[in-house]
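The sequence shown begins at 300 in our numbering and counts up by one.
Quick reminder that beta carbons are idealized off the backbone N, C-alpha and C, glycines included.
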Amino acid sequence: MVHLDHLLAQAIVDRSMKIIDCNVNVMDARGIIIASGDPVRLGTVHQGALLVLAKQAPVEIDEDLVQQLDGVRPGVNLPLRAEEQIVGCVGLTGLPQALRRYGALVQMAAETMLEQARLMQLLARDARLREELVLGLIRNETLTPAQIHWAERLGIDVALPRVAAVIEVDGGSLDVDSVLGELQRLHTLLTTPERDNLIATVSLTELVVLKPALNGKGDWDVNVHRQRVKSLLARMKSSSPLGVRLAFGQYFPGPGGLARSYQVALTTLAVGKQRQPNDSAFFYADLTLPVLLDGFRQGWQADEMCEPLSVLMKHDRHGQLLRTLKTWYSHEMKVADTAQALHIHRNTLDYRMRRIQEICGVNLSNTADCVHMYLALQMIDAV
Numbered sequence: 300m301v302h303l304d305h306l307l308a309q310a311i312v313d314r315s316m317k318i319i320d321c322n323v324n325v326m327d328a329r330g331i332i333i334a335s336g337d338p339v340r341l342g343t344v345h346q347g348a349l350l351v352l353a354k355q356a357p358v359e360i361d362e363d364l365v366q367q368l369d370g371v372r373p374g375v376n377l378p379l380r381a382e383e384q385i386v387g388c389v390g391l392t393g394l395p396q397a398l399r400r401y402g403a404l405v406q407m408a409a410e411t412m413l414e415q416a417r418l419m420q421l422l423a424r425d426a427r428l429r430e431e432l433v434l435g436l437i438r439n440e441t442l443t444p445a446q447i448h449w450a451e452r453l454g455i456d457v458a459l460p461r462v463a464a465v466i467e468v469d470g471g472s473l474d475v476d477s478v479l480g481e482l483q484r485l486h487t488l489l490t491t492p493e494r495d496n497l498i499a500t501v502s503l504t505e506l507v508v509l510k511p512a513l514n515g516k517g518d519w520d521v522n523v524h525r526q527r528v529k530s531l532l533a534r535m536k537s538s539s540p541l542g543v544r545l546a547f548g549q550y551f552p553g554p555g556g557l558a559r560s561y562q563v564a565l566t567t568l569a570v571g572k573q574r575q576p577n578d579s580a581f582f583y584a585d586l587t588l589p590v591l592l593d594g595f596r597q598g599w600q601a602d603e604m605c606e607p608l609s610v611l612m613k614h615d616r617h618g619q620l621l622r623t624l625k626t627w628y629s630h631e632m633k634v635a636d637t638a639q640a641l642h643i644h645r646n647t648l649d650y651r652m653r654r655i656q657e658i659c660g661v662n663l664s665n666t667a668d669c670v671h672m673y674l675a676l677q678m679i680d681a682v
């Protein structure tokens, strides 16, 4: 039900008094004046409104009735209805016979404003519930019965396969109100034309988007999403002063899949910013191994994994051997391609690779040692 508050009531008064040359009062459901062209009357009980509320019909106060009631003035008083219930009254001060024809117009205009306020409340409620639903999907394994009920009410298919994307927002020098306004514009942008996107503002610096995951054939194809992300970022940058970065998670079917997808997107964003600081879009599919290893970075296992490289870096002041090892791995451990990429002779490469193995105490022709060193490189690159 619409609540007739002071701000809405005063808006009714101000709009009416621009058209009609008389004082206008708006009373709440208790008959108390909550808005008026005469501030002195605010907070007082309006006897005419009490009559309207009792009769649930318009009441005209003429000079005779003025003599019978305390503190009233001549005028026309009419009920204000919303959803078929009286929520207050509107009163026009003056001779009833002169104001009678204007009363119905003021009443109609006021009730239209009440209906608009009700619709705005419904829209705001639905938007809030949509956000709460999204936050529930990314934070919990399952939805509550109440959330499922509201999803049905809002026409949201929670069974639709979706994948999470995280958008990091940088407001720069914008104030909080400006950032909030820009976030609202991004909300609109993210739902046009893809209206199946579910969006929530996690904080002033983060939005989460739950996108339909599968293509028209019912398959998960990350490359389809790459093109959409590229187009989306271009639209964002052209229409908003906010700095934005986007990280795309992985599609996980089944219960809890969206919560996992969201965590993957968050980690992908963190890893992507470290490894590719100049990029604005990051995909789990491109950073799978370092994202999977990210959870081990703080444990003793990470220290043990990186110990051979720590020794190497102490002996390799200029980073030559470390660059050589990275290049060797990035060229599929092929000697000729590695030497060409480094612009060195193969014999020089052979010497460097021997030095690396001697310092680290590993044998790179051994599968276990080779994998160990590769994983260690992934770990230090994420630091």
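For methionine 407, count neighbouring Cβ atoms within 10 angstroms of its own Cβ and tell me buried if that reaches 16, exposed if not.
-> exposed
Straight-line CA distance for histidine 345 to lysine 317?
-> 23 Å
Mind checking which residues open and close the alpha helix (DSSP H) that includes isoleucine 331?
-> Unbroken run through isoleucine 331: none, as it is neither H nor E.
Limits of the unbroken beta strand (DSSP E) element including glutamate 374 = The sequence as given places glycine at residue 374; glutamate does not occur at that position. First-last of the beta strand (DSSP E) with glycine 374: 374-381.
Got a sec? Which residues, its chain only, sit under 8 Å from aspartate 495 by beta carbon, not counting five neighbours each side?
-> Leu459, Lys510 and Pro511
I think glutamate 440 touches proline 554, with their Cβ atoms under 8 Å apart; what is that distance to the nearest whole Å?
-> 6 Å
Exposure of glutamine 367, with buried meaning 16 or more beta-carbon neighbours within 10 Å | exposed
Look at the alpha carbon of glycine 330 and the alpha carbon of aspartate 469, and state the distance between them as a whole number of angstroms.
-> 49 Å
Helix, strand or coil: how does DSSP classify cysteine 605 here?
-> helix
Among all the DSSP beta bridges, which residues are the ones paired with aspartate 327?
-> Gly387
What number of angstroms, rounded off, separates the C-alpha of alanine 635 from the C-alpha of arginine 645?
-> 7 Å
If you draw a straight line from the alpha carbon of methionine 604 to that of valine 661, how long is it in whole angstroms?
-> 12 Å
Given aspartate 578, which residues of its chain have a CB within under 7 Å of its CB, disregarding the five upstream and five downstream residues?
-> Gly571
Could you give the distance in angstroms between the alpha-carbon of arginine 424 and the alpha-carbon of arginine 622?
-> 56 Å
Start and end of the alpha helix (DSSP H) containing lysine 354?
-> 346-354
Closest residue to cysteine 321 among Leu391, Arg429 and Leu436 (Cα-Cα distance) = Leu391
Do the segment 306-313 and the segment 334-341 meet, that is, are 3 or more Cβ pairs less than 8 Å apart?
-> yes
Quick one: what's got a C-beta closer than 6 Å to histidine 486's C-beta in the same chain, skipping five residues either side?
-> Ile498
Ends of the beta strand (DSSP E) at valine 563?
-> It is not in any beta strand (DSSP E) - valine 563 instead sits in the alpha helix (DSSP H) that spans 556-574.
For cysteine 388, which of Asp593, Arg400, Leu350 and Leu545 has the nearest alpha-carbon?
-> Leu350
Which same chain residues, not among the five before or five after lysine 625, have their C-beta less than 7 Å away from its C-beta?
-> Leu676
Any idea what DSSP makes of aspartate 361, helix, strand or coil?
-> coil
So, are the CB atoms of valine 465 and leucine 503 less than 8 Å apart?
-> no
Contact under 8 Å by Cβ, phenylalanine 581 with valine 521 | no
Does the segment 559-576 come close enough to the segment 585-602 to have 3 or more Cβ pairs within less than 8 Å?
-> yes
Look up glycine 542 in the DSSP assignment and give the residues it is bridged to.
-> Asp469
Can you give me the start and stop residues for the beta strand (DSSP E) that threonine 500 sits inside?
-> 497-502
Does the distance from the C-beta atom of isoleucine 447 to that of valine 457 stay below 8 Å?
-> yes
Figure out for me which residue from Val507, Leu557, Leu442 and Ser538 has the closest Cα to the Cα of glycine 480.
-> Ser538
Cα-Cα separation between histidine 671 and histidine 614, rounded to whole angstroms | 19 Å
Classify tyrosine 561 as buried or exposed, calling it buried when 16 or more other Cβ atoms lie within 10 Å of its own Cβ.
-> buried
Kindly indicate which three-state DSSP category valine 682 falls into: helix, strand or coil?
-> Summary for valine 682: the model assigns pLDDT 48, below 50, so the residue's position carries little reliability; its value from the coordinates is reported in the next sentence. Three-state DSSP puts valine 682 in coil, outside helix and strand.
From the DSSP output, in three-state form, read off phenylalanine 581 for me.
-> strand
Is glutamate 440 helix, strand or coil by DSSP?
-> coil
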